[in-house]
Amino acid sequence: MALKDTIALGMSLPHRSPDPIDMSAVRQVAQRADALGFRDLWVTENAVDHVFSFDSLQVLTYAAALTTRIRLGVAVLVLPIQNPIHVAHQVATLDYVSNGRAILGVGLGRDHHYTEFQVPREHRVRRFREGVELIKALWTEARVDYRGSIFRLEGGAMALKPVQKPRPPIWLGGDHPDAVRRAATLADAWMGAGGSSTASFSRNVPILRAELEKVGRDPATFPISKRVFLSVDERADVARAELHRWFSTVYRNPAGTDASGVHGTPEQVREQLDELVALGANHLLLNPVGRYAEQLEALATIVGLRASAAPAL
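According to the working numbering, the sequence shown is numbered sequentially starting from 100.
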């Protein structure tokens, strides 16, 4: 059975790379992923970065103007270092201009984010929870009276509402068990990070399912996703070398090539994607690390979104 018939499939928009990204590649991937039938199109958020990286919401807005059906997501915005009012307005605007296709992914981030943006780490979980609550209120209520311990808003109004009702979905990222549990109560989906290992994903899925059942939500209908950094080539050594360079340069973690990434021939890549599905993924975000248009076509063939003619690799 084709993978497209068993799970939902997302595609990464070219947005972060050791090398400059040509806008023609961004345009081609956005339009082709839309035409092929990928469910959603994703970017990460990395403002202070040692490699080339676009602003997430701006490049998604560009993609929105080029596409008609594919959903547009960021995974993730580090919410505690941002003002939730600003985030609510930005994502509501993206949802409005895309006619209801925005997805907001949020997470706690890492220690360096708080240092870079001069935001205290203390009470970051409270700041995160209140930020999510305030965003939801601004998207759904005509007048917002919010009184948190960190954020307060009296009689706040955001006339621009998202097209999606009651609101755009909020996905939560993070690999700590506490973050996974928070997804069951705060979010509409959970995504395992691309830099996290397959072993970590396998440990976290049962934690998430147990928490979903505890709060009365159905694990079968809750999106459980994994971002997958990958490279596919008819020569397995070429694919591994490409992914190894990416993990070594971008994540500064060469071991992630095998612990977290997916690489090899089309047959080997399909086997590794099937393994993630067997571990509990019902959504996969496929994130090629180079040769974007070429990899998109190869992956579309592997998952069954394109006729089975051999892709040029």
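Using N, Cα and C, we set each Cβ at its ideal position, and we do this for glycine too.
Bounds of any alpha helix (DSSP H) do not take in I106, whose DSSP letter is neither H nor E.
Beyond the five residues adjoining it in sequence on each side, Q371 comes within less than 6 Å, by CB distance, of V361 in the same chain, given in chain order. Bridge partners of H362 according to DSSP: S330. Here the C-alpha atom of R170 lies approximately 29 Å from the C-alpha atom of G255. Between D210 and P261, the gap from beta carbon to beta carbon reaches 7 Å or more.
Counting other Cβ atoms within 10 Å of its Cβ, L140 reaches 16 or more and is therefore classed as buried. Here DSSP, grouped into helix, strand and coil, assigns V388 to coil. R168 is classed as exposed because its beta carbon has fewer than 16 other beta carbons within 10 Å across all chains shown.
Beta-bridge partners of A288 (DSSP): W270. Between G363 and A335, the gap from beta carbon to beta carbon is short of 7 Å. Look at the region 128–166 and you find these whole runs of alpha helix (DSSP H), each 4 residues long or longer: 155–165. As summarised for the region 193–274, the continuous alpha helix (DSSP H) elements at least 4 residues long and confined to that stretch are 210–215 and 223–239, given in chain order. In this structure, A298 keeps its C-beta atom at 7 Å or more from the C-beta atom of G272. Around the C-beta of H114, 16 or more other C-beta atoms lie within 10 Å, and the residue is accordingly described as buried. Three or more beta-carbon pairs separated by less than 8 Å link the region 374–394 to the region 320–331, which places the two stretches in contact.
Using a Cβ distance threshold of 7 Å, P119 and T348 do not count as a contacting pair. In the three-state DSSP reduction, R302 falls in the helix class (H, G or I).
Rounded to whole angstroms, the Cβ separation of V177 and H212 is 5 Å, and the two are in contact under 8 Å. Distance from the Cα of I106 is smallest, within the candidate group P387, A397 and L378, for L378.
The C-beta distance from S295 to S359 rounds to 6 Å, short enough to meet the 8 Å contact threshold. Cβ atoms of R280 and W238 stay farther apart than 8 Å, at about 24 Å.
Residue pairing from DSSP places L176 in a beta bridge opposite V205. Annotation: the continuous alpha helix (DSSP H) that includes L342 extends over A335 to W345. In terms of Cα proximity to Q181, the closest of V147, R226 and Q157 is R226.
The criterion of a C-beta distance shorter than 7 Å is satisfied by L404 and K103.
In chain order, H343, F346 and S347 place their CB closer than 7 Å to the CB of P353, counting only its own chain and leaving out the 5 sequence neighbours on each side. Rounded to whole angstroms, M122 and A129 show a C-alpha spacing of 11 Å. Pairing A164 with S197, the inter-Cα distance amounts to about 7 Å. Distances from the alpha-carbon of V125 to those of V147, D148 and S152 put S152 closest.
Straight through space, the alpha carbons of V376 and T143 are spaced by roughly 22 Å.
Between P179 and L207 a beta carbon distance of about 6 Å is seen, short of the 8 Å cut, so the two are scored as contacting.
Beta-bridge partners of H382 (DSSP): A107 and S324.
Going by beta carbons, T284 and V304 fall outside the 7 Å limit.
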